[in-house]
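Let me begin by presenting the structure, written as structure tokens, before commenting on it.
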Amino acid sequence: MDLKVVYKHVKIDNEDFFTNSISDINEISKSVNIYSLSLLNNFTEITELSVPLHIKKLKTSVFDNNTNLVSVNLHNNIRKIPTRCFFNCGNLKQIDLPPTLTKIGDSAFSQCGIESLKIPDSVSFLGESAFQNCTELEHLTFSKSLFIIPNGCCDGCHVLSDVVLPENLLEICSRAFQQNYNLDVDIPKSVTKIEQDAFYECLGNIYLDVGPECKIEKDSPWDIDVLFGTYNYNKECNHVIFAEDLHIKVNFTPFKKDKYIKVIDFGNLTTKKLNWSCSGIQNLEKVYMSPLVTKFKGMMFKNCVKLKHIFGMENVVKIRFECFNNCVALEELVINKSAKIETNCFVNCTSLTKLEIPNYERKVEFLVTQEDQKVIEQFNYVCTQISVCFDANNCKSKLVEFTTNPNINTKQDAFF
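The numbering of the sequence shown is the numbering used here, which starts it at 632 and goes up by one.
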């Protein structure tokens, strides 16, 4: 073969590799165009690859399961990265994407070893599971031309921490960031839809800054904890921030109970009533309430055993039953003087050092239980209406609760 001549119409592919027992890439004349890139998967010595200029189109799965590649350079003639192009290239750390790229297919980089990637702004389409299980991916900047983060896009990217979303993003699809344990991301106001499980089993800082038209989808009836799921992972912290002017109506519980959330900041959440609770978030320590919230639902903070402070409660004028029940670490409560408070709100609040509640000359006129009374009267209040409950199983009458005066301390006193 004359090496001074370029054989433009001579090509070599996988069939030639096996037929001619080629063992070294140097056995192939450089004047022969390699049109079937999957041929290169047969040469273990190839760790760095610059795709030849004459190749303008990559085939589906062309490099899949190639564990030899460490770096790849794509030239400007490449417009699309097809489905599973670099699937399971576990050692692929570096890839240079050309500014002419417009499309990245399904699972194109799934299970790759990429650590950092900036998707060119020319890319307007991103396939499902494009970066799924890229367990070493830490930094990812999405193209500004993308409007949708697809299903499973970064599912299983456990160390992904720095994510830059496009400013005009509209949708975040299901499982987009599932099981991301270090996630730090700002969700822009442009987003109008967040699908179920989008951030399921996530840990990190998720900043919600979405507008009034944003729809956060409900999950199946047996698992309503959609936006932020749970994962029993030994990880410090979660600081969840609801941005200023957040208009979305959250009508379901967005936090799993064993989540590692320590701080919740509601910013200026515009809804007056929170229709879900923080009940049972075991590591929650601080809550910054929106000044626009005026009502707490029943059991709002029940069993938040590490909760120490709730800031910004000045405008809350209705507190439903068992609101602070068993908040054993709560240090201080300052409640609006006009607030209406239901029973069992202060049960087991044993760490309180300051308690300001509605009263008239230190007399508490709203109905409390005997368990409430134990806590309240430590602060020199006198409870004037105390609810005494009997065991309904041993009582023939349907009436099992009535109000007593403060001199009644036992069931026997109530009758004599």
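Ideal Cβ positions, reconstructed from N, Cα and C, are used throughout, including at glycine.
Since this is a predicted model, take the numbers as computed values, not measurements.
Boundaries of the alpha helix (DSSP H) in which residue i is found, first to last residue
i	result
K985	Segment K985 to E987 is the beta strand (DSSP E) holding K985; no alpha helix (DSSP H) there.
I686	Segment: none, I686 is in no alpha helix (DSSP H) and carries neither H nor E.
I1007	Q1001 to I1007
Span of the beta strand (DSSP E) around residue i
i	result
K917	K917 to Y919
K749	S747 to K749
E963	E963 to V965
In DSSP terms, what residue i is bridged to
i	result
N704	S681 and D727
H940	K917
C1014	V995
F756	K734
L771	L748 and V794
E802	I779 and K824
L814	G835
F927	I950
K971	K949
K711	K734
Chain-order list of residues whose beta-carbon lies under 6 Å from that of residue i (same chain, five-residue window excluded)
i	result
K749	T772
E963	K985
L732	P751, S753 and V754
K971	K949
V703	L680 and I726
Q742	N719 and N764
K968	P989
A1048	Nothing can be reported for residue 1048: it is not among the residues displayed for the chain, which extend from 632 to 1047.
H941	With the sequence shown as reference, residue 941 is identified as Ile, and His is not the correct amino acid for it. These residues qualify, in order along the chain: V918.
M920	F897, G943 and M944
K734	K711 and F756
S821	N799 and L800
E916	K893, K937 and K939
Beta-carbon spacing of residue i, residue j below 8 Å
i	j	result
G736	G721	no
F830	C788	no
S792	N813	yes
V965	M944	yes
C958	F927	no
I837	E802	no
Q810	D786	yes
K687	I712	no
D817	G835	no
Same chain, Cβ closer than 8 Å to residue i, neighbours up to 5 away in sequence not counted
i	result
T714	T691, S692, G736, D737, S738, A739 and G758
T981	V959 and V1006
K933	S908, S910, G911, E953, C954, F955, N956, N957 and C958
S776	D752, S753, V754, S755 and P797
D695	R715, C716, F717, F718, N719 and C720
Close beta carbons around residue i, own chain, < 7 Å, minus the five adjacent residues each side
i	result
H706	V682, L684 and P729
E746	K724, E767, L768 and E769
F649	Only weak support is given to the placement of F649: the predicted model assigns it a pLDDT of 45, under 50, and the value that follows is read from those uncertain coordinates. Once the five neighbours on either side are set aside, F649 has no close Cβ partner at all.
Q1004	C1014 and I1017
T974	F952, L998, V999, T1000, D1003 and S1018
K961	Correcting the residue identity first, residue 961 is Leu in this sequence and not Lys. Only L938, K939, F955, C980, S982 and L983 meet the Cβ criterion.
P819	L796, E798, L800 and D840
F977	F955, D1003, V1006 and I1007
N1011	R993
Any chain B beta carbon closer than 8 Å to residue i
i	result
L684	Absent here is chain B; the protein component of the structure consists of one chain.
*Spell out a yes or no on whether the stretch 716-727 and the stretch 755-763 are touching, meaning 3 or more CB-CB pairs, one atom from each, closer than 8 Å.*
no
*Does the stretch 990-998 touch the stretch 947-958, meaning 3 or more C-beta pairs lie closer than 8 Å?*
Of all C-beta pairs linking the stretch 947-958 to the stretch 990-998, fewer than three are shorter than 8 Å, placing the two stretches out of contact.
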